[in-house]
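Data first, discussion second: the structure below is written as structure tokens.
Numbering (UniProt numbering), first residue to last: 1 to 536.
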């Protein structure tokens, strides 16, 4: 007897061996059979609704997103100008503590906020506003005073304290310079992070997400606490970890290990913990390395000037030799490596570092990744395929920040931006991801933009890199499972795999491509149990 049967369904399995079915039978936390006869303890008639594998976001920032839910929302179109931003900050001011905001994009509101205007909006309070990319922030004068930079900037390796013509800081801090503010407010308490993880997970279930990769914890400007893994563990112990999570560990959290020379373990966490430790609900994934910054923030390391900023090519976040050494040591010590690289100059460095690592310390099926792979030349696509490196692009970027990327790149290099079709044609298995909270993270929105390739202004983004709806669905299911080395137990509706399923109002592979974003998530099942929808 099965535990549960979902019947009268349109099952899109994403499994080429059996693409469609009409029912799914579940025993325990596993898919037991498709179109099987026999009784079940519970039967749910889906009245023709579509069942897919549970959505898997291969690159998001779960705790960071959860924290933003209590901050001033500065995203556009809600905030369409600097004046509206300052009013939003003024409306939040007057309460205890700092005024925190997140999600602004200078490309959409006419520029970066200014410290003096923030002082006027929130007199006597510290203000900290985070850019939508996460690669820069703006603070007001009180925070700059705390940092000893009220009138003069300091040098920050791998970052920049932006100043005006007179050398006075404007409040804008780029890349590693953000760490200066982090030192004033971090670490967050574990209890605060558990609340954030819980809030994020509840939203993920509403969007059909059953698994995600948390793209950087424990260190660097991206981490929220040196014991951030403990927050995820506590969330699980309290039954507040709503979806399966793979954790990328920030490279800053790793340190030299005095293992035996024969072990080839030179860099890692205490006791030799590394990629793969954990279980189906919570486990350690790759080490996260930052090589450069943001495309719309003009801090990505490029081989050519930004089209709208002659003379600017971005920069690396660390010395090139140190970046290569970190990647090499992590690979040698048994880690999967996930390196953030958006500009083509950064991608060159990372591909060469992976090639050296694989040449000196060969490893089968390494599944190393390049997060974003934002501006990639044709030769870099071919090189990634040759090395078995997995690019992790974000389809949703086309809509939400595509107009800014078009301006930054210019028409000659736009065809290199956030490739998908070229990656598939090169034989690469492409995952689906959002980089939430940089953009809205609902997978159906990401799939929509992978297919339609339109900016928020309605301009074509990179139409030659569009994929089909079936390919977009495969990216957010099988592709993301593959990128995590979990395709043996996730990513398709196949007997024996985990019973993580999403129920949709319509079939994304069959509707008009312009309507994919309008499809509703009716239910989400994790471990064979309803986690959202249907019965309330």
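Positions of the beta carbon are idealized from the N, C-alpha and C atoms, including for glycine.
On a predicted model such as this, the values are computed, not experimentally measured, just so you know.
For this session: Whole angstroms is fine: what's the gap from residue 325's alpha carbon to residue 255's?
Result: As a working note, residue 325 is residue 325 in the chain shown. As a working note, residue 255 is residue 255 in the chain shown. When rounded, the distance between both Cα atoms is 13 Å.
Problem set entry | Of the listed residues 343, 102, 345, 321, nearest to residue 356 (C-alpha basis) | Walking along the chain shown from the start, residue 356 turns up at place 356. Per the Cα distances, 321.
Exercise. What does a CB cutoff of less than 6 Å around residue 156 pick up in its chain, not counting 5 residues either side in sequence?
Worked result: Locating residue 156 in the chain shown gives position 156, where the first residue counts as 1. The residues are 176, 177.
For this session: Can you tell me which of the three DSSP states residue 562 falls into?
Result: In the structure displayed, the chain extends from 1 to 536; residue 562 sits before or after that span and is not available.
For this session: Would you grab the beta carbon distance between residue 499 and residue 454 for me? Rounded to a whole angstrom, and I think it's under 8 Å.
Result: Taking the first residue of the chain shown as 1, we reach residue 499 at position 499. Taking the first residue of the chain shown as 1, we reach residue 454 at position 454. With 8 Å as the limit, residue 499 and residue 454 do not qualify as a contact, their Cβ atoms being about 35 Å apart.
Problem set entry | Buried or exposed by the 16-neighbour rule on C-beta atoms within 10 Å, applied to residue 471 | As a first step, residue 471 is located in the chain shown; it is residue number 471 there, counting from the start. Burial call: buried.
For this session: Using a threshold of 8 Å, state whether the C-beta atoms of residue 14 and residue 477 are closer than that.
Result: Taking the chain shown and counting its residues from 1, the one referred to as residue 14 is at position 14. Taking the chain shown and counting its residues from 1, the one referred to as residue 477 is at position 477. For the 8 Å CB-CB criterion, residue 14 and residue 477 form a contact.
For this session: Given a cut-off of 8 Å, decide if residue 441 and residue 29 are closer than it, judged by their beta-carbon atoms.
Result: As a first step, residue 29 is located in the chain shown; it is residue number 29 there, counting from the start. As a first step, residue 441 is located in the chain shown; it is residue number 441 there, counting from the start. Cβ atoms of residue 29 and residue 441: not closer than 8 Å.
For this session: Classify residue 242 as helix, strand or coil using the three-state DSSP reduction.
Result: Against the chain shown, residue 242 aligns to sequence position 242. Correct three-state label for residue 242: coil.
For this session: Mind checking which residues open and close the beta strand (DSSP E) that includes residue 136?
Result: Walking along the chain shown from the start, residue 136 turns up at place 136. Residue 136 -> beta strand (DSSP E) spans 136–139.
For this session: Assign residue 154 to one of two classes, buried (16 or more other C-beta atoms within 10 Å of its C-beta) or exposed (fewer than that).
Result: Locating residue 154 in the chain shown gives position 154, where the first residue counts as 1. Flag for residue 154 reads exposed.
For this session: Using the Cα positions of residue 249 and residue 314, report the straight-line distance between them to the nearest angstrom.
Result: The residue labelled residue 249 in the question sits at position 249 within the chain shown. The residue labelled residue 314 in the question sits at position 314 within the chain shown. Cα to Cα, the separation comes out at about 25 Å.
For this session: Quick one: grab the DSSP three-state call for residue 374.
Result: Residue numbering aside, residue 374 sits at position 374 when the chain shown is read from its first letter. In the three-state reduction of the DSSP assignment, residue 374 falls in the coil class, being assigned neither a helical nor a strand state.
For this session: Evaluate residue 76 with the Cβ neighbour count: other Cβ atoms within 10 Å of its Cβ, from every protein chain shown; 16 or more gives buried, anything less gives exposed.
Result: Numbered from its first residue, the chain shown carries residue 76 at position 76. So residue 76 counts as buried.
Exercise. For residue 509, which option in 193, 447, 331, 535 has the closest C-alpha, if you only look at C-alpha atoms?
Worked result: As a position in the chain shown, residue 509 is number 509, starting the count at 1. The shortest Cα separation from residue 509 among 193, 447, 331, 535 belongs to 447.
Exercise. Quick one: Cα of residue 416 to Cα of residue 182, how far?
Worked result: As a first step, residue 416 is located in the chain shown; it is residue number 416 there, counting from the start. As a first step, residue 182 is located in the chain shown; it is residue number 182 there, counting from the start. The alpha-carbon atoms of residue 416 and residue 182 are separated by roughly 34 Å.
Problem set entry | Pairwise C-alpha distance: residue 318 and residue 439 | Here residue 439 refers to the residue found at position 439 of the chain shown. Here residue 318 refers to the residue found at position 318 of the chain shown. Cα-Cα distance, rounded: 26 Å.
Problem set entry | Distance between residue 465 and residue 342 (C-alpha atoms, nearest Å) | Counting from one through the chain shown, the residue named residue 342 turns up at place 342. Counting from one through the chain shown, the residue named residue 465 turns up at place 465. Taking the straight line from one Cα to the other gives about 17 Å.
Exercise. Tell me the DSSP bridge mates of residue 287?
Worked result: On the chain shown, position 287 is the one that residue 287 refers to. DSSP output for residue 287 lists 249, 337 as bridge partner(s).
Problem set entry | Which residues DSSP lists as bridging residue 52, in chain order | Looking up residue 52 in the chain shown gives position 52. Residue 52 pairs with 502.
Exercise. Between the segment 112–125 and the segment 211–221, are three or more C-beta pairs nearer than 8 Å?
Worked result: no
Exercise. Mind checking residue 365: buried by the 16 CB within 10 Å criterion, or exposed?
Worked result: By 1-based counting over the chain shown, the position of residue 365 is 365. Per the 10 Å Cβ criterion, exposed.
Exercise. Just reading off the alpha helix (DSSP H) that residue 401 is part of, what are its end residues?
Worked result: Looking up residue 401 in the chain shown gives position 401. Here residue 401 belongs to no alpha helix (DSSP H), and DSSP marks it neither H nor E.
Exercise. Considering only the beta carbon of each residue, do residue 337 and residue 414 sit closer than 8 Å?
Worked result: As a working mapping, residue 337 is identified with position 337 in the chain shown. As a working mapping, residue 414 is identified with position 414 in the chain shown. Taking 8 Å as the Cβ cut-off, residue 337 and residue 414 do not qualify as a contacting pair.
For this session: For the segment 421–439 and the segment 381–401, state whether three or more C-beta atom pairs, one from each stretch, are separated by less than 8 Å.
Result: yes
For this session: Counting only the same chain and skipping the five closest in sequence on each side, list residues whose C-beta sits under 6 Å from that of residue 264.
Result: The residue you call residue 264 lines up with position 264 of the chain shown. Excluding the 5 residues flanking it on each side, residue 264 has same chain C-beta neighbours closer than 6 Å at 332, in chain order.
Exercise. What distance in whole Å lies between the Cβ atoms of residue 219 and residue 537, which are believed to be in contact at a cut-off of 8 Å?
Worked result: Outside the shown range of the chain, which is 1 to 536, sits residue 537, and nothing can be said about it.
Problem set entry | Close beta carbons around residue 39, own chain, < 6 Å, minus the five adjacent residues each side | Here residue 39 corresponds to residue number 39 of the chain shown, with the count starting at 1. Result list for residue 39: 1, in chain order.
Problem set entry | Residue span of the alpha helix (DSSP H) that contains residue 198, given as start and end | Taking the first residue of the chain shown as 1, we reach residue 198 at position 198. 190–206 is the extent of the alpha helix (DSSP H) around residue 198.
Problem set entry | Endpoints, alpha helix (DSSP H) assigned at residue 84 | Translated into the one-based positions of the chain shown, residue 84 becomes position 84. It spans 82–92 - the alpha helix (DSSP H) in which residue 84 sits, taken as one unbroken run.
For this session: In angstroms with no decimal places, state the Cα-to-Cα distance between residue 502 and residue 87.
Result: Residue mapping note: residue 502 aligns to position 502 of the chain shown, counting from 1. Residue mapping note: residue 87 aligns to position 87 of the chain shown, counting from 1. Their Cα atoms are separated by approximately 40 Å.
Exercise. By DSSP, does residue 213 sit in helix, in strand, or in coil?
Worked result: Taking the first residue of the chain shown as 1, we reach residue 213 at position 213. The answer is strand: DSSP assigns residue 213 an E or B state.
Problem set entry | Same chain, Cβ closer than 7 Å to residue 236, five either side skipped, listed in chain order | Sequence index remark: in the chain shown, residue 236 carries index 236 (1-based). Excluding sequence positions up to five before and after residue 236, its CB lies within less than 7 Å of the CB of 281, 282, all in the same chain and listed in chain order.
Exercise. Looking at the unbroken beta strand (DSSP E) that takes in residue 359, where does it start and where does it end?
Worked result: Your numbering for residue 359 matches position 359 in the chain shown. Not the beta strand (DSSP E): residue 359 falls in the alpha helix (DSSP H), residues 344–360.
Problem set entry | Where the alpha helix (DSSP H) containing residue 331 begins and where it ends | For the purposes of this step, residue 331 is identified with residue 331 of the chain shown, where counting begins at 1. Residue 331 -> alpha helix (DSSP H) spans 320–332.
Problem set entry | Reference residue 525, options 31, 403, 391, 161, closest by Cα | For the purposes of this step, residue 525 is taken as the residue at position 525 of the chain shown. Ranking 31, 403, 391, 161 by Cα distance to residue 525 puts 31 first.
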